[in-house]
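Heads up: take any position in the sequence shown, counting from 1, add 1, and you land on the working numbering. Just so you know, even glycine gets a beta-carbon here, dropped at the ideal spot from N, CA and C. Just so you know, these numbers come straight off a predicted model, no measurement behind them. Shown next, in structure tokens, is the structure this report addresses.
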Amino acid sequence: MIERTIIAGAGGQGIMLLGRVLAEAAIKENKYVTWLPAYGAEVRGGIAHCMVVISDQEIGSPYIDQADTLIIMNGLALGKFANIIKNKGLLIVNSSLVSKDMDRNLTVLKYPFTDIAVKLGNIKVANTVALGCYLAKNKIIDIKNVLKVIEEIAPKDKKELVEINKQAVLSGVKLIK
Numbered sequence: 002m003i004e005r006t007i008i009a010g011a012g013g014q015g016i017m018l019l020g021r022v023l024a025e026a027a028i029k030e031n032k033y034v035t036w037l038p039a040y041g042a043e044v045r046g047g048i049a050h051c052m053v054v055i056s057d058q059e060i061g062s063p064y065i066d067q068a069d070t071l072i073i074m075n076g077l078a079l080g081k082f083a084n085i086i087k088n089k090g091l092l093i094v095n096s097s098l099v100s101k102d103m104d105r106n107l108t109v110l111k112y113p114f115t116d117i118a119v120k121l122g123n124i125k126v127a128n129t130v131a132l133g134c135y136l137a138k139n140k141i142i143d144i145k146n147v148l149k150v151i152e153e154i155a156p157k158d159k160k161e162l163v164e165i166n167k168q169a170v171l172s173g174v175k176l177i178k
């Protein structure tokens with residue numbers, strides 16, 4: 002088993018955090034993992050992306066030239082990465098910020114992650130709503146491990162964010178079930 006995922010959006014949307022949580026949860030399950038973050042020139046507001054490879058065997062390279070899954074949080078990111086997803090791949094799109102459709106043979110999940118995050122009380126958890134959606138569809142990582150990682154990596158002065166991020170993950174899971 003090998004899963005190659007690219008997560009992309011604007012700097013400030015929690016793209017790196019989403020990738021880090023996914024990677025650290027996979028490590029908890031004794032999987033081989035690479036996490037390759039990349040920031041755009043502007044960082045906040047520019048395109049940010051990360052590549053996460055999860056496997057049950059050693060991984061030769063962290064770079065992804067053909068993704069199994071794309072998690073796209075804004076329209077600019079879709080434009081940049083649309084051609085990198087393999088045929089019959091999984092495309093998860095934040096429909097709050099992306100209106101364009103893809104004319105390819107893909108499984109496409111479009112949900113308003115940003116709108117859901119706003120209803121939860123914090124726009125910044127749109128990334129973890131998307132993560133929950135991905136986990137429910139892909140089932141590559143146990144959600145319990147993701148929730149543990151969220152607890153473990155939260156800064157000591159930001160512990161109030163743990164609960165809302167957990168709620169966001171579970172909200173994303175409910176979109177699929």
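Inter-residue Cα distance where the pair is residue i and residue j
{"i": "Asn146", "j": "Leu18", "result": "15 Å"}
{"i": "Ile8", "j": "Ile85", "result": "12 Å"}
{"i": "Leu121", "j": "Ala27", "result": "26 Å"}
{"i": "Asp116", "j": "Ile55", "result": "29 Å"}
{"i": "Lys81", "j": "Leu148", "result": "30 Å"}
{"i": "Ala39", "j": "Arg105", "result": "26 Å"}
{"i": "Leu23", "j": "Lys87", "result": "21 Å"}
{"i": "Leu110", "j": "Val94", "result": "6 Å"}
{"i": "Ile16", "j": "Gly61", "result": "23 Å"}
{"i": "Val126", "j": "Asn166", "result": "6 Å"}
{"i": "Ile124", "j": "Lys32", "result": "31 Å"}
Neighbour-count burial assignment, residue i, 16 or more Cβ in a 10 Å radius
{"i": "Ala78", "result": "buried"}
{"i": "Ile3", "result": "exposed"}
{"i": "Ile154", "result": "exposed"}
{"i": "Asp57", "result": "exposed"}
{"i": "Asp102", "result": "exposed"}
{"i": "Lys160", "result": "exposed"}
{"i": "Asp69", "result": "buried"}
Presumed contact (8 Å Cβ cut-off) between residue i and residue j, rounded CB distance
{"i": "Leu91", "j": "Asn139", "result": "7 Å"}
{"i": "Ala1", "j": "Ile177", "result": "Residue coverage of the chain in this structure runs from 2 to 178, which leaves residue 1 outside it and unanswerable."}
{"i": "Glu30", "j": "Ile144", "result": "Not quite, the Cβ-Cβ distance comes to about 12 Å (not below 8 Å), so this is no contact."}
{"i": "Ala11", "j": "Ile48", "result": "7 Å"}
{"i": "Met74", "j": "Ile65", "result": "Actually they are not in contact, since the Cβ atoms of Met74 and Ile65 sit about 17 Å apart, beyond 8 Å."}
Residues that residue i bridges to, as DSSP identifies them
{"i": "Arg5", "result": "Val54"}
{"i": "Val130", "result": "Answer is none; Val130 lacks a bridge partner."}
Practice task
Check whether the stretch 129-147 touches the stretch 164-176, taking contact to mean three or more Cβ pairs, one atom from each stretch, closer than 8 Å.
Solution key: yes
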